[in-house]
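In terms of the numbering used here, the sequence shown is residues 3 to 190.
Where a beta carbon is used, it is the ideal one built from N, C-alpha and C, also for glycine.
None of these values were measured; they are calculated from a predicted model.
Report on the following structure.
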Amino acid sequence: MTEETSKTPESAAEAQAGEVKEAEAENSKQEKAPKKEKKSKKDAEIEKLQAELEKKNDLLLRTAAEFDNYKKRTDREKTGIAEYARAGIIKKLLPIIDNIERAKGADRESPDYLKGVELIIKQFESLEENLEITEIAKPGDKFDPNFHEAVMHIEDENLGENEIAEVLQKGYKTGDTVIRAAMVKVAN
3 MTEETSKTPE
13 SAAEAQAGEV
23 KEAEAENSKQ
33 EKAPKKEKKS
43 KKDAEIEKLQ
53 AELEKKNDLL
63 LRTAAEFDNY
73 KKRTDREKTG
83 IAEYARAGII
93 KKLLPIIDNI
103 ERAKGADRES
113 PDYLKGVELI
123 IKQFESLEEN
133 LEITEIAKPG
143 DKFDPNFHEA
153 VMHIEDENLG
163 ENEIAEVLQK
173 GYKTGDTVIR
183 AAMVKVAN
């Protein structure tokens, strides 16, 4: 009996210890469960942020590609417009060039030769007007370094200071753009 009595408390103690271990294991599982939930919430947030980052990155790449295509398209359009403008001007110059070539082959002693050259000059003046090209300098105008290039200076009491005495080569502009500065002789 002593053996039975002594085994019973030990087995009761063992049973109690087993129950305590089971309870601790249960508590441990319950404590770990919220950590898993926390991890899964963090994982969900990380996945959400990664998905958002991928969307933003995709948008950035698409925008960069669209901008690159826009630059290429505008460059092509600029080239096309410039080419079209050049062709239009050349088309207007061709009749004048044709008449100059005809005059080159004509008899220079003929009175018609001088009339032909005068007609060519009138054609060119008409073209200047059509293209809105204006002459920059005339004798008596004030010298302006934005439009005129002084190649000579003279002393003349009849002219004021910095006044154009003579135009050596005509200058032209269209709108506010100087095509060619006028070469002038300026009075001091």
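- Within its own chain, no residue has a Cβ closer than 6 Å to the Cβ of Gln52 once the five positions on either side in sequence are excluded.
- A distance below 7 Å separates the beta carbons of Thr176 and Ile135.
- In this structure, DSSP gives Arg88 a helical state, which the three-state scheme calls helix.
- One alpha carbon belongs to Asn101, the other to Pro141, and they sit about 30 Å apart.
- Remark: C-beta atoms of Glu157 and Asn190 approach each other more closely than 7 Å.
- Contact holds between the segment 141-153 and the segment 165-174, because three or more Cβ pairs, one in each stretch, are under 8 Å apart.
- In this structure, Ile138 places its C-beta atom within 7 Å of the C-beta atom of Gly173.
- At a cut-off of 3 residues, the continuous stretches assigned as beta strand (DSSP E) that sit fully inside the segment 121-176 are 135-137, 150-156, 165-171, 174-176.
- Lys187 has Met154, Glu168 as its beta-bridge partners, per DSSP.
- Residue burial annotation: His150 is buried, with at least 16 other C-beta atoms found within 10 angstroms of its C-beta.
- Rounded to whole angstroms, the separation of the alpha carbons of Leu96 and Asn132 is 15 Å.
- With at least 16 other beta carbons inside 10 angstroms of its own, Ala184 counts as buried.
- Remark: C-beta atoms of Val119 and Ala152 do not approach each other more closely than 7 Å.
- At least 7 Å separates the beta-carbon of Gln125 from that of Ile91.
- In this structure, the straight-line span from the alpha carbon of Arg75 to that of Ala84 is close to 14 Å.
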